Amino acid sequence: MPLIENGQIIEDRFVRVTDEDALPEGVPVLIGTDRFLKEAAALKGRQAPVGIIWPNNRPIAEIAPYLDQLSLIALNFPSFRDGRAYSQARLLRERLGWTGPLRAIGNVLRDQFLLMERSGFDQVDAVKAADADAFDEAVHRYTVFYQPATPDERPSLLRQRLGRTVSGVPAGVPK
Numbered sequence: 001m002p003l004i005e006n007g008q009i010i011e012d013r014f015v016r017v018t019d020e021d022a023l024p025e026g027v028p029v030l031i032g033t034d035r036f037l038k039e040a041a042a043l044k045g046r047q048a049p050v051g052i053i054w055p056n057n058r059p060i061a062e063i064a065p066y067l068d069q070l071s072l073i074a075l076n077f078p079s080f081r082d083g084r085a086y087s088q089a090r091l092l093r094e095r096l097g098w099t100g101p102l103r104a105i106g107n108v109l110r111d112q113f114l115l116m117e118r119s120g121f122d123q124v125d126a127v128k129a130a131d132a133d134a135f136d137e138a139v140h141r142y143t144v145f146y147q148p149a150t151p152d153e154r155p156s157l158l159r160q161r162l163g164r165t166v167s168g169v170p171a172g173v174p175k
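The numbering of the sequence shown is full-length UniProt numbering, which starts it at 1 and goes up by one.
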């Protein structure tokens, strides 16, 4: 499957390794949660990047102690109707301060690209190469949003209509 980052198909540097396979030396790996948690201490000394596939049915707060060991977090969409990975992405970015790559994997649909990008994903494991163009078009289709997505985003239309600044203080009210 092609990997999309910022509307471009990129080469996936990370090799997915099952729980039973040996970790290749000197190669960035993407491993499952159970394996990572069992081998976290040993993986600290690894000379190559480590990424984790975090399931959407586990609390994202469990990953907090390990963020400094990770080079990539992949969040799973087991079904297009299951949006828990959106919440996990927001929590990772806003509460846990994750600034590294955040990848959407699993049942990822074109219709969801814009919401994924606004939720904090910067990589999408797409179904086909044509999805790169669809991703680029989706994230550039709108320039203004009614609802805010992240604290760093420009003031939303809702805030503008309510006459509020980014800080939430009504216009004309002294701070």
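Where is the CB? At the ideal position from N, CA and C, for every residue including glycine.
If you're wondering where the values come from, they're calculated on a predicted model, not measured in any experiment.
The way I'd put it, the segment 84–96 does touch the segment 50–69; three or more beta-carbon pairs between them come closer than 8 Å. In the three-state reduction of the DSSP assignment, Ala85 falls in the helix class. Counting only the Cα atoms, Leu114 lies some 15 Å from Gln8. Taking all protein chains in view, the Cβ of Gln47 is surrounded by fewer than 16 other Cβ atoms within 10 Å, so the residue is classified as exposed. In this structure, the beta-carbon distance from Gly32 to Leu72 does not fall below 8 Å. Annotation for Phe14: Pro28, Val29, Leu30, Gly51 and Leu72 place their beta carbon closer than 7 Å to its own, counting only its chain and skipping 5 residues before and after. Secondary structure note for Ala48: it is in no beta strand (DSSP E), with a DSSP letter that is neither H nor E. Inside the segment 3–27, DSSP marks whole beta strand (DSSP E) runs of 3 or more residues at positions 3–5 and 8–10, from first to last along the chain.
With contacts defined as CB atoms closer than 8 Å, Asp21 and Asp34 fail to qualify as a contacting pair. In chain order, Asn107 place their CB closer than 7 Å to the CB of Ser79, counting only its own chain and leaving out the 5 sequence neighbours on each side. Taken through DSSP and simplified to helix, strand or coil, Arg58 comes out as coil.
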